[in-house]
Each structure stands twice: as C-alpha cells, then as structure tokens.
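In the working numbering, the protein residues as written are 1004 to 1316.
Working notes, structure below.
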Ligand SMILES: [Ca+2]
C-alpha cells in the first residue's frame, strides 16, 4: 500500500472511531453485526433492548431490514419451503394520492379505505373504478387512523398509538362506540367470528368484535426469526395476507397455526416515475365475487389489480 493510501486509510479509521465513540449505542451495535454478516445475532441483540420512544422507530426499521435480508424461502422444521409469488399487473385504477392508506377492503362493489396521519385521518367508502369518495367520516384530530374492516354491519378502525379502536355505522355518518386496544394498532381484517389485528410486532391478535377482548394470539416466524412489522392485513380464502412495513413484500400466513406459507414480492409495483411523493405499499383488498386482488400504498396515485405468478425456486 502506498504512503498516500495509508494516510487516507488512517484518516478514515480515525473518523469511524470518533463516530463510534460518540454513538456507542445498541442500534450501532446491531448495524455492525448486520454488516459483519451476522443477522441472527443482530436481531437477537436488538430484540432484547428496552427501546426508548425516540429509538423505537429506528430499531423497528433496522429489524425489518434485517428480516428482509435473510433468504426468503427457509426450511421450517422439515415443512415445505414457503411458496414465492411475483405480481403481474392486470389493470390500474385511480387512487387518491393524498390518502396515507392504512386499511383497504372490499365491501360489496365499493371499497372501504382508511387514511392515516394526525389531523388528516378519515374512513371513506370509495367507488372502485373511479376512486370517487362516496361517504367519508373524519376522525377526531387526536387520532392517527390505522387499519379498518367491516364486520356485522359496522366499520371498525384502529388508532395507531391512542389505545382505542372506533366502531362506525356502515354509512360512515357517526361513531357507535369504541373499544380498548392494548399497545399499538396497525392493520386489521376479519374472519367469520373475529377481528384480526396486527400491532407492528410479529403478533397477530384475534379480537371479539363485541368487547374488543383478545381471544387468540399467533406469533409469526420466518424460520427461527420473528417476522416483525406485520402491517396491513387481508383474509383471503383461508389465508392471511400481511404486508411487512416498510417493505413491499406480503407474507402469506396460516391463521390457525401462524405458519409462514409464502411470500408475495411486490417490489417495483409502483414505477419510479410515479414515486415522487409516494410512501410504501400498504393496502391489500380482495374481491371474492370477482376474484380480484388489489394493491396500493400510502400516497400512491394508483391502485393495481394484480394476479400472482408463482416463482420457481
Ligand atoms: Ca385489507
């Protein structure tokens, strides 16, 4: 190595050393383990840290990044390898690019959608083909709206960090009641008897629609690793589809056992030329009558009707 290169290397090492001395925290340690090729050690370390509110978001982001760097198809106790699908675009529909989409669900021939952010949260009924808003309920400005689902003639919507779920009438004119939510609220769907909710961890909770009480909890793992940041949900033909924040990947989950059945890779669905202000994918709706799967995202100008294309592995 030349003298010139040695000096540059010493300057770089000196800077890195100073930087680490200034920030000797667990996030840095997790990143170090990741870049040393030790994702399992990184996630085990990160999972045990009592994160402050200020650090929690960055920690979740790092955990999610680690999860997405691990090979997707993993052996699971001798079970079949998870199936992997790509998505093909069948058609496109207009979507309100000002809606920070948190929940999306078919209701008859219309769509129910919740849009988040403080002071901007609404629950609305939307015309599928035109994107026109047919009905809308504005949440109190203290609430950050999250996932939604219709069950038994009422529309249920979670709030992110306010510890409450709201129950609206089906015409979205008024709040009928509310229920307590333990921890954060993220995504929501339902099966025949329960509301099904995610909270940003690897847990999915099944709630009694009348009381909001937790009836069952499943924990999702990718191999031995907890599958963190489970977000928007959709119940499709006996499976749970769950998109994993902040990725554009959707996990297929067995709602009985919690086993990871497969992955849907939707990266690149929204082309770069339309990504000017767009955030991540976060809307899954299945039209059982028309067998249509719709995907959109936060602040996306487009909703995509897609079909799955199995990837041979
Ligand atoms: Ca949904």
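Backbone N, C-alpha and C fix where the C-beta goes; we use that ideal spot for every residue, glycine too.
It should be emphasised that the depicted structure is a prediction, and the values quoted were computed from it without experimental measurement.
| message | Could you tell me the alpha carbon to alpha carbon distance between residue 1161 and residue 1191, rounded to whole angstroms? | response | 8 Å
| request: Determine the extent of the beta strand (DSSP E) in which residue 1289 is found, giving its start and end residues. | output: Unbroken beta strand (DSSP E) run through residue 1289: 1284–1290.
| message | For a test of your reading of the model: does the CB of residue 1287 fall under 7 Å from any non-hydrogen atom of ligand 1? Yes or no. | response | Residue side-chain check: residue 1287 places its Cβ nearer than 7 Å to a non-hydrogen atom of ligand 1.
| Chain-order list of residues whose beta-carbon lies under 7 Å from that of residue 1113 (same chain, five-residue window excluded) | 1128, 1129, 1130, 1131 and 1137
| request: Give a yes or no on whether the C-beta atoms belonging to residue 1235 and residue 1222 are separated by under 8 Å. | output: Not closer than 8 Å, so no.
| query | Near residue 1144, which residues of its chain fall below 7 Å by C-beta distance, leaving aside the five closest residues on each side in sequence? | reply | The answer, listed in chain order, is 1121 and 1122.
| query | Is residue 1169 helix, strand or coil by DSSP? | reply | Looking at residue 1169 - three-state DSSP - the assignment turns out to be strand.
| Taking the continuous beta strand (DSSP E) assigned at residue 1201, which residues delimit it? | 1198–1201
| request: State yes or no: is the C-beta of residue 1163 within less than 8 Å of the C-beta of residue 1147? | output: Yes. Within cutoff.
| task | Might you give, ordered along the chain, the residues of its own chain that have their beta carbon closer than 6 Å to the beta carbon of residue 1024, omitting 5 neighbours on each side? | result | Interpretation of residue 1024 is limited by its pLDDT of 35, a score under 50 that renders its predicted location unreliable; the figure taken from the coordinates is listed afterwards. Here the set comprises nothing.
| request: Quickly, what does DSSP pair residue 1088 with across the bridge? List them, please. | output: Paired residue(s): 1267 and 1313.
| field | Exposure of residue 1202, with buried meaning 16 or more beta-carbon neighbours within 10 Å | value | Result: buried.
| task | Please confirm whether any heavy atom of ligand 1 lies closer than 7 Å to the CB of residue 1106. | result | yes
| request: Would you decide whether residue 1124 is buried or exposed? Buried here means 16 or more other CB atoms lie within 10 Å of its CB. | output: buried
| field | Chain-order list of residues whose beta-carbon lies under 7 Å from that of residue 1284 (same chain, five-residue window excluded) | value | 1246, 1251, 1269, 1272, 1298 and 1300
| message | Is residue 1272 close to ligand 2? I mean its beta-carbon at under 7 Å from any heavy atom of the ligand. | response | With respect to ligand 2, the structure offers nothing, as its ligand set consists of ligand 1.
| task | Compute the minimum distance between the beta carbon of residue 1236 and the heavy atoms of ligand 1, and state whether it is under 7 Å. | result | Yes, since a heavy atom of ligand 1 falls inside the 7 Å radius drawn around the Cβ of residue 1236.
| query | For residue 1153, which residues does DSSP report across the bridge? | reply | The partner list for residue 1153 (beta bridge, DSSP) reads 1158.
| Closer than 7 Å: is that where the CB of residue 1299 sits relative to any heavy atom of ligand 1? | Residue 1299: no, Cβ never under 7 Å from ligand 1.
| field | C-alpha distance - residue 1313 paired with residue 1091, whole-angstrom precision | value | Spanning the two alpha carbons is a distance of roughly 10 Å.
| message | Does the distance between the C-beta of residue 1250 and the nearest non-hydrogen atom of ligand 1 fall short of 7 Å? | response | Using a cutoff of 7 Å, the CB of residue 1250 does not count as near ligand 1, since none of the ligand's heavy atoms is closer than that.
| task | Answer yes or no: the CB of residue 1192 versus the heavy atoms of ligand 1, is any distance below 7 Å? | result | yes
| Is DSSP giving residue 1030 helix, strand or coil here? | helix
| field | Residues bridged to residue 1130 (per DSSP) | value | 1113
| Thinking just about the alpha-carbon of each residue, which of 1305, 1228 and 1152 is nearest to the one in residue 1277? | 1305
| field | Three-state secondary structure (DSSP) of residue 1140 | value | strand
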